[in-house]
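Protein chains in written order, with the numbering used here: chain B, 42 to 462; chain D, 268 to 824.
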Amino acid sequence: MKTTAKRVVGILAALTVVGSGITLATPASAVSTIIVWADKGTIDTIKAQVTKWDDLKADYSVSLVQKDFGTVRDALKVAVPKGQGPDILAGAAHDWIGNLVAANVLLPIDSQLPSNFKDDFVPGALQAMKYKGHYYGVPGWTENIAMLRNVKKAPKALKSVNDIKDGELGINYSATTSDPYHFYPFQTMFDAPVFTSDSKGDWTNKVGMGGTKGGNFAKWLKLKGTKFFGPPANANILCDFLNPANKAKKTGLVKYWVTGAWNITAIEEGSGNCKKGLEIGTGYSIDPFPTGPTGLKAKQFLGIRGYLMVASGPGNTTNVPAASDLMKFMSSESAQFSLYDNYNKTPANVAALNRAKDNPVIAGFANAANTVPMPNSPAMDAAWVTWGKAQTRIIQGKEAKPDVAWEAMTKALQKTIDTVK
Amino acid sequence: MAKMKVRSWGSDIPSLSGTLWKLGVLGVVDAVATTMIMVLLGQGRIWVAALSIAVLLIVNWIYLRKGGLPAKYLAPGVIFLLIFQVYVLLFSGYTAFTNYGSAHNGDKSLAVQTIQNAAYRTIDGEDYTVALVRADANGNEALLLTSNLDQRVYVGEDGQLPVEIPSGNYTLSPKCADPYAEDVTTCMHAAEKAVGYSAVATDSLSASQKRSYTSLRVATDLADPTVGIKTADFSTALQVQATLSYDEKTGFFTAIADDDYGNYFTGDVFKPSSDGYFHTNGDVNSAKLDGGWRVEVGFANFQTIFTDVQLRDPLVKVITWTFVFAFLTVLTTFILGLLIAFLFNHEKLRGKKIYRAVMILPYAFPGFLSAYVWVGLLNRENGFINTVILGQTPGNEGNFPWLLEENPARLAVLLVNLWLGFPYMFLITTGALQSIPPELNEAAEIDGATGWQNFRLIKLPLLLISIAPLLISSFAYNFNNFSIIYLLTKGGPNDSGVTDYDVGGTDILITFVYKIAFSGTGQNYGLASAFSILIFFVIATISLISFRRTRAFEEIL
């Protein structure tokens, strides 16, 4: 009897705990949550503006979820099919779009974009959000590289790439996969675009950097080699760019640096081992790229960081109108100007960019821009490693016949793209 | 067969505190599990919830009933085994026979939904700022459209042509993208309600109301039901044309308009195909719609492994290196560990304990940390190894390319793994050495054996009896030693030749599989799972053969 009583008590006790579990598990909330995934840098950048929008919308609350920039795409591909994805992916690089569309995770927003909205952005910025005829997001800010020059060491802007002597150029690239993004201006000096374009000016999936022109670029890369471009993975570029030249110690020789706005803070503040930083105008200048060996004008990739509309997956939620509203707010003049004002982002919104142009850094990069939007197809995604591997081998003198190696790379790349497609 | 008294030790009346403890712990488990089940039910995952309920009931039955002591001990282990081993194994096994990956990451309904989401084109022309309204007369849902061109206002109901509202029956108010804009003159102006139509608050709509407004189509041509003015975000309306129609019954997509991008033309029929895409007429070699789903593909992944030309060369290279890496790692760590163990086992050596403690340090240090420290030490231009030990000029790009070229990187991986691995071998051989009776040693000396003979013919065979299984497990461990490779070189350097696959000079099978599954751009979980099954068979075979052969050592005694 005693044990039975104990067991009854025990079951009752367990049931009580179960009961409290049930009450805990019942959520009650009338406010819909808009979930935004972003990397840390983006969250820091957009938080104030998002909060501003949030405060205005009583029925919605925005939740900014921090994700790692490198793996957020993979996380998205896993989450969306389970219906656990966000409503918006913020700070996304526009060249992710093709890959994400192929993975069923993005939602087209064509019907949300009136024509007067489309006119709000710098050329190519909104176009970069378009893939296979559909828009998947709105632009936030733009990034492009330029030729930075130490004014004290090189008082005059470069005219031709031929005027750069060995050791004077700084460019960041990896020993194994190079960095075709940073080398693209040099490649376009040989009229060897990564893909061909169609009549509308849109990128195709046909590799455009083969043939004689690409071969010439490959030969030029080998000719210049690491003497000209410096060693791969060189961590000393910043110091060599900032410090005065010391020929005996072979330091401070770098006069020109191929880089983007992300290094401006380091240049202006200096770093531990280097001299103090430089000021724009008197210390350094942001120049357009010089012309190529044969006089051709260089082009850079325009990278756009933006806000992508995420498909909701099964159990279709209905946050699209609000998410769309938030995205349009983030692309409006005032929001983009504030991102510039507080975080030095180059606005994609024309009106905001014009207001921001009194900032010499923003103006410098805008004036240096002779850009083409970086392709956003899965083909582009597939290209980077193959392209970079060939490039770095040629630069480091590992290919006896650079033009042959380059041609082999373009052929292999085309094959990969065709099978992926 | 009467009831035996064996149960007696389980049927003793338990102490009160023990019972309370049990109930408390069980209560907590029940509470957590119930919360989980409620959440699962909330998400509509009925089957998982049902399974959880069943498991929970079984657990409660096991612990609340009298006796059945073995089950009480085994239950938690078995449950965790099922979740973390058996389920994972079965799932990988199943995945190996599917095309699960980046472009096939969901079920068919997701793909259909994706295609439907994108199955429209916008028609250039007038666009509108929209307000949701309801007709006062009949309660019909309608869109109040203010033209962005000339600010004229129309009202449109589903399937009807828009009707212009005479000015005076509405008022325009500013609608700005930036709700804080101070200067509203440049913002769009739009009507929010009109005489006969009352405004509907967008934010308070239910999900079904929202769906009904987004599917509302104001006709522009009564004869053409594919074209109309629609809104997706309740602030903008554009003229759109549906380009694909989905037939729920047949499961086919039919193109009802040309795609702007040239993907399909009116009349094309797309049928679900065996490769997890909609292809024209179901022919896998013809055009397809973006949006794939996961399908079972039979042995296709295994076929790829054995027949893909792009895969063959890298795979042969990777497999060879995996065996070389695992074998050399075991060999070098064992030899070094053995030598040091012999050295510090010498009776006359003083301060043995201190030496032994020092020798164990690399093992005691977290391996992840050591690996990163080694990456720094092996840096080409400024690393400690190059600049101090090898005396090369700091900052010189001509220094020895540890980690940057294939063979040096392989050497570096082996050296670092030697550093990390020898203390383990040292520990186990020391233990084994001390268990060899000293009489054997003396007997050998009396019989006139030299030191080398003593070692080779007596100590080593005795050692191997106890250590051989550990060597085999060490081999199996290093065969899959993901962390050391990934932390040191990420499988690189990756600059040799051109293949479709991201494969580097120090990639072992498991890092190669990881790259196929998770890194790069085209994740392919199916292929990676097929690989991991093959790896399992390789290791199982090696272990089986080796364990059989180690029995030979036992016959020495």
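A virtual CB, placed ideally from N, CA and C, is assigned to each residue, including glycine. Since this is a predicted model, take the numbers as computed values, not measurements.
Check the Cα spacing between Phe651 (chain D) and each of D:Leu636, D:Ala631, D:Trp669: the tightest is with D:Trp669. The straight-line gap separating the alpha-carbon atoms of Lys782 (chain D) and Gly255 (chain B) is approximately 30 Å.
In this structure the region 106 to 121 of chain B does not touch the region 326 to 336 of chain B; the number of beta carbon pairs closer than 8 Å is below three. Residues of the region 211 to 245 of chain B that bring their beta carbon within less than 8 Å of a beta carbon in chain D comprise Ala216, Thr217, Thr218, in sequence order. Residue B:Lys193 holds the alpha-carbon nearest to the alpha-carbon of Phe282 (chain B) among B:Lys193, B:Ala393, B:Ser104, B:Arg346. Residue contact check for Asn145 (chain B) against chain D: a CB pair falls below 7 Å.
Non-local C-beta neighbours of Ala393 (chain B) in its own chain, meaning closer than 7 Å and more than five positions away in sequence, comprise Glu374, Gln377, Phe378, Tyr381, ordered along the chain. Taking a Cβ-Cβ cut-off of 7 Å, Gln508 (chain D) has no neighbours in chain B, whose nearest Cβ is about 11 Å from it. Taking a contact to require three or more Cβ pairs closer than 8 Å, the region 392 to 406 of chain D and the region 458 to 477 of chain D qualify as touching.
By the Cβ neighbour-count rule, Thr498 (chain D) is buried, with 16 or more other Cβ atoms within 10 Å of its own.
DSSP places Asn203 (chain B) within a helical segment (H, G or I) once states are collapsed to three. Residues Leu578, Leu582, Leu794, Ala797, Phe798, Leu801 of the same chain have their beta carbon placed closer than 8 Å to that of Ile572 (chain D), with the five preceding and five following residues left out of the count.
Against chain D, the CB of Gly126 (chain B) has no partner CB under 7 Å away; the residue lies outside that interface. With the rule of 3 Cβ pairs closer than 8 Å, the region 214 to 228 of chain B counts as touching the region 332 to 352 of chain B. By DSSP's assignment, Ile212 (chain B) forms a beta bridge with B:Val299. Annotated as distal: Gly405 (chain B) and Met170 (chain B), with beta-carbon spacing of 7 Å or more. In summary, Ala504 (chain D) is buried, with 16 or more beta-carbon neighbours lying within 10 Å of its beta-carbon over all protein chains present.
Taking 7 Å as the cut-off between beta carbons, the residues of the region 389 to 411 of chain D near chain B are Thr389, Asp394, in sequence order. Chain-ordered, the chain B residues with CB closer than 9 Å to the CB of Pro760 (chain D) read Ala216, Thr217. Neighbourhood of Leu671 (chain D) in chain B, by CB distance below 8 Å: Ala216, Thr217, in chain order. For Lys757 (chain D) and Ser750 (chain D), the gap between their C-alpha atoms comes out near 9 Å. Under the DSSP definition of a beta bridge, Met350 (chain B) partners with B:Ile129.
Of the candidates B:Val142, B:Val146, B:Ile403, B:Ile403 places its Cα closest to the Cα of Val391 (chain B).
Between Asn157 (chain B) and chain D, the shortest Cβ-Cβ separation is below 7 Å. According to the DSSP assignment, Tyr325 (chain B) belongs to the beta strand (DSSP E) that extends over 325 to 328. Asn327 (chain D): not part of any beta strand (DSSP E); member of the alpha helix (DSSP H) spanning 313 to 331, first to last residue.
Under a criterion of Cβ atoms nearer than 9 Å, no residue of chain D is adjacent to Ala410 (chain B); the nearest Cβ is some 25 Å distant. Taking the C-beta atoms as reference points, Val146 (chain B) is found no nearer than 7 Å to Val163 (chain B). At a Cβ-Cβ threshold of 7 Å, Tyr176 (chain B) and Ile138 (chain B) do not count as neighbours.
Taking 8 Å as the Cβ-Cβ cut-off, the region 524 to 554 of chain D approaches chain B at Asp526, Asp527, Tyr528, Asn530, given in chain order. In the structure shown, Ala457 (chain D) falls within a strand segment according to DSSP collapsed to helix, strand and coil. In terms of Cβ geometry, Pro419 (chain B) and Ala144 (chain B) do not form a close pair [threshold 7 Å]. With the rule of 3 Cβ pairs closer than 8 Å, the region 426 to 436 of chain B counts as touching the region 249 to 268 of chain B. Counting only Cβ-Cβ distances below 7 Å, Asp366 (chain B) has contacts in chain D at Asp500, Ser502, in chain order. Along the region 455 to 485 of chain D, the positions whose C-beta sits under 7 Å from a C-beta of chain B are Thr469, Asp470, Ser471, Ala474, Lys477, Arg478, read in chain order.
Within chain D, no C-beta atom comes nearer than 8 Å to that of Ser379 (chain B); the closest sits roughly 10 Å away.
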